[in-house]
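Asks: In this text, residue positions in the sequence shown follow my numbering: the first is 527, and each later residue adds one. All C-beta atoms, glycine included, are put in the ideal place defined by N, C-alpha and C. The structure under discussion is supplied below as structure tokens; questions concerning it will follow.
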Amino acid sequence: MTGRIARAGFHFSDLLLINRVLRYLVEHRTALIEGRPLPPAPLFQVEATASTDSTPEWDILEDTSATSPTIVLEEVKSGSITKDDRLALWRRIRRTVVDLDQREIKIIIPRLTTNNSNPPEHPERWKKIPSLSQTASTNNLPQQVRSDINLAEEALFWLTHIPTKADTSTAGSSTAEATLPEARAREVLSRFDYCEAYGEATLSENTDKLVDILSLDIAPTAIRDALVGEVFRRAQSDDISAHSFKPNELWATVGILQRLSEVPADAAACWQRLVQLGNSSNVQQEVSATSAIPYQEWRTIQPQVATILHSPNTPRRALIGHGGLGKSVLLDRLARESRRTERNMVLQFHGSSLRAEGLARSLGPALELGQFLLANQERNLEIFIDAFEDAADSPEQLKRLLAEIVSSTNSRTTRVTLTSRTNTWMALAGPKTEVAGWTPVELSEWDTDLVRLLVEQVGRRELPTNVLQLLRTPLLLDLFIRTFSGEERIPSTLHTSYSVLSEFWSRRVLPSDHPHAGRRREALLQCAKEETVGRRHHTGFNETLVELTGEGVFLYRGGTFHFRHALIRDFALAQWVIHSDGSARSAVSKIAQIQDHIIRWGTTRAVFEALISDIDTTEHHRDRRQHHLALADFVRHLETTPHSIAQDLAEALGEIKPPEQFPGESLTSLFLKPNPASAFVYRILDTAVVSNNPSWLSWIVELPDKTAWFNQASWTEPSILRQISLLVDIAWKTTPHNARPGIRPLTQAAAIRIREWSNSS
């Protein structure tokens, strides 16, 4: 029989050959991805359907003699093994070993692989050949094989003799054939390998699994069909050389395999670096600053978050919330929990690492390579990215990065969790308020009763309601407890995050009467300068930084110090900006020197909050009027700096309540030119919309409600009308039903202005 029908008898051996080729392809890709030396490429042989003297005799021959003196001679059988089959096998071994000995191949492994779902009779006899062949007679040729020793004797006789027709009538022979010395024959048979590891169904399933691992975006059936077709073509070929091939020769003729054999070098390098970052994070997990409050089980204090995170239908989750809510703490806790499962490979890193090391551009392809590796190991891939907003330089780049992660993590065994500021995430989500492929998980402030309980535990029984509400942000609660003992008076002006940070700074970090205040100030100044050029890990001043770590300013990990939280870092940089020579020009110039856009944004916000702060002036030797003048001067100097700094300030304003120092038009009057003022107001309102912050309506209603005024004001633009309309909608949506009557005058006044200003020419 010829053609594909004739290959039907070779189905099991062909399937085994395909399995070996795929396994090598997996090992080859794995080595490229991990940056290891490539495994030696075996030489495969495929037996022809109708053998001739010149075609390969072995079903599969794996030749790695180029790198190690080893060759595996493999005969594959499914079903019974007849006497003719046995004698043909011994003759093949003898003839091949004689030939290979001329090439000084020392290690030759004869292997008989059988189909365990259709096994031969007496498989135990084959398993005993390595041991029995060392003592069996070489001169006895059994007429029938009825025992273990008979099979070993038959094998030895055929390897050391040229049987005559008197010995057997079923096996042709040539007197020109050489025999093996007895010692060599026993040595070869000592390595005889009887393999019954595969059944046809199991082998087929294993092959399908390898195909799935390799498939990427290629249909698995296409890979398998291509291999089956190529093996068939080679087996049927009249070209003798086609029956022997190395993997790269197979890939050269099968385009699909060629693609699968290639690994982009930049993606592999990116994956290797991600693994290094992840391993570094593993080592550093246990080193952190002591907290002023005991750890609170996140499933208890954030039950709605727990419900979402425990859902199997959230492969990509974004933990969002304003600064200080504990996003990073929760992410770290999730990563620790994931590491407890051995099947999980955990990669945990900061968003800034992707940008600083140029990994963002190769992240998608790198994650695809990682999924391939983990699928082969039958493990899960868990990725944790902190401060995702710091992973790229622009919203457009962040959007592309999110889309890449979605497209490259489509495996059921891969999960990605990241943290992001709410404002950043909502801006990325856009009008649809969603990012395709991602599930936002919004953290809430802590329950008031929990805050009250934790404060009572440090000896403070009563707190003003506004302070209690402020301390629902856990970072501020931690700083408050560090700062105020049970007996200390709480300033009446303690009602913003900046005011808490300022009190913490003046009372715990740099109190004027502290013996190390000067050294601490010098260390903080040096760390602030390092942050401006992107150095987030600090050394030097070690003794002082250890002190400040104890105060809750820094964390110590991996031999370096870094600021414990972005809000603390931004406050420190704001102090460096403000307390230089006191001029607005110098302050703006210093902000412009900050290379990292996230740190620049945070510092701008902290400087602004410092300048509008109404903290107890006698305590800090400040004057509110000076603040006002300094702020006006500060904003005017923004017109002479890169546009981004003014936009940073506008975003900072949009997240908070309108400053009381600048009612109505007095805010826009700070600008000397209309265009910067117009862009400034639009960015404020746009950020307020994204932040669900309708408090800016109170600033809007202080503006005149006349069409003529809108036409004459140099900075007004029709585009702000849509933002005001959105703020009105947000005001209604974010206000409880029973409290809506209280906001009606505000929203009605805003609606009047929308109507009147819409009539402008």
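Measuring only the C-alpha atoms, how far is E1181 from S1217?
Replies: 6 Å
Asks: What are the boundary residues of the alpha helix (DSSP H) that T948 is part of?
Replies: 948–955
Asks: Quick one, are the C-beta atoms of T935 and N906 less than 8 Å apart?
Replies: Annotated as distal: T935 and N906, with beta-carbon spacing of 8 Å or more.
Asks: Indicate whether the contact test is met: 3 or more Cβ pairs, each with one atom in the region 914–929 and one in the region 947–959, closer than 8 Å.
Replies: yes
Asks: If you scan the region 535–570 from start to end, which runs of the alpha helix (DSSP H) of 4 or more residues do you find wholly inside it?
Replies: 537–560
Asks: Just grab the DSSP bridge partners of L873 for me.
Replies: In DSSP, L873 forms a bridge with I909.
Asks: How should S659 be labelled, buried or exposed, when 16 other C-beta atoms within 10 angstroms of its C-beta is the threshold for buried?
Replies: buried
Asks: Out of V1072, R1015, K1055, point me to the one whose CA is closest to R1126's CA.
Replies: K1055
Asks: Is the distance from the Cβ of I1138 to the Cβ of P1185 below 8 Å?
Replies: yes
Asks: Quick one: any contact between the region 1040–1057 and the region 1067–1087, if contact means 3 or more CB pairs under 8 Å?
Replies: yes
Asks: Using the rule of at least 16 other Cβ atoms within 10 Å of the residue's Cβ for burial, across every protein chain shown, is S879 buried or exposed?
Replies: Classification of S879: buried, given that the 10 Å Cβ count is 16 or more.
Asks: Please list the segments of the alpha helix (DSSP H) lying wholly inside the region 1004–1074, counting only runs of 4 or more residues, in order along the chain.
Replies: 1023–1030, 1043–1058
Asks: On a Cα-Cα basis, can you pick out the residue from R710, T640, D610, L682 that is closest to I633?
Replies: R710
Asks: With respect to the alpha helix (DSSP H) encompassing Y1208, which residues constitute its N-terminal and C-terminal limits?
Replies: 1200–1216
Asks: Cβ of W1235 within 8 Å of Cβ of T1194?
Replies: no
Asks: My understanding is that E703 touches T686, with C-beta atoms under 8 Å, so please give their C-beta distance in whole angstroms.
Replies: Distance from E703 to T686 at the Cβ level is roughly 12 Å; contact not present, criterion being Cβ atoms closer than 8 Å.
Asks: Report the rounded CA-to-CA distance for G849 versus L969, giving the unit in angstroms.
Replies: In a straight line, the C-alpha of G849 is about 11 Å away from that of L969.
Asks: In angstroms, rounded to a whole number, what distance separates the CA positions of S1115 and P1262?
Replies: 44 Å
Asks: Got a sec? Which residues, its chain only, sit under 7 Å from F506 by beta carbon, not counting five neighbours each side?
Replies: This structure cannot settle anything about residue 506, because the visible part of the chain is limited to 527 through 1287.
Asks: With DSSP as the reference, identify every bridge partner of N641, one or two as the case may be.
Replies: Y724
Asks: Spell out the partners DSSP gives S770 in its beta bridges.
Replies: Q571
Asks: Pairs of beta-carbons, one from the region 791–801 and one from the region 586–600, closer than 8 Å: are there three or more?
Replies: no
Asks: Between the C-alpha atoms of Y720 and W616, what's the straight-line distance to the nearest angstrom?
Replies: 14 Å
Asks: Considering Cα atoms alone, identify which of D1159, P1189, D1212 is closest to D1174.
Replies: D1212
Asks: Exposed or buried, what is T1144 when buried is set at 16 or more other beta-carbons lying within 10 Å of its beta-carbon?
Replies: Bear in mind that a pLDDT of 34 at T1144, under 50, signals an unreliable position, so the number given afterwards is only what the model happens to contain. Counting Cβ neighbours within 10 Å, T1144 comes out exposed, since fewer than 16 surround it.
Asks: Ordered along the chain, which non-local residues of its own chain (more than five positions away) have a Cβ less than 8 Å from that of L1247?
Replies: I1280, W1283, S1284
Asks: Take the Cβ of Q669 as the centre, count every other Cβ of all protein chains shown within 10 Å, and call the residue buried at 16 or more, exposed below.
Replies: It counts as exposed.
Asks: With distances taken Cα to Cα, identify the nearest neighbour of P1189 among P1200, S1221, V757, Q571.
Replies: For P1189, the closest alpha carbon among the candidates P1200, S1221, V757, Q571 is that of S1221.
Asks: Hey, how far is the Cα of V1207 from the Cα of E1191?
Replies: For V1207 and E1191, the distance between alpha carbons rounds to 11 Å.
Asks: Along the chain, where does the alpha helix (DSSP H) that runs through K1312 open and close?
Replies: No statement about residue 1312 is possible, as the shown extent of the chain runs from 527 to 1287 and does not include it.
Asks: Buried or exposed: Y821, going by 16 or more other Cβ atoms within 10 Å of its Cβ?
Replies: Under this definition Y821 is an exposed residue.
Asks: Can you tell me which of the three DSSP states Q632 falls into?
Replies: Checking the displayed sequence, the identity of residue 632 turns out to be Lys instead of Gln. K632 falls in the coil class under three-state DSSP.
Asks: Provide the residue(s) that pair with F1080 in DSSP beta bridges, ordered along the chain.
Replies: F1089
Asks: Would you list, in sequence order, the uninterrupted alpha helix (DSSP H) runs of no fewer than 4 residues that lie entirely inside the region 591–627?
Replies: 609–627
Asks: By alpha-carbon positions, which one of G1085, A1113, D627, R618 ends up nearest to R637?
Replies: R618
Asks: How big is the Cα-Cα spacing for T696 and A768?
Replies: In this prediction, T696 has a pLDDT of 47, which is less than 50 and means its spatial position is unreliable; nothing more can be read from the coordinates.
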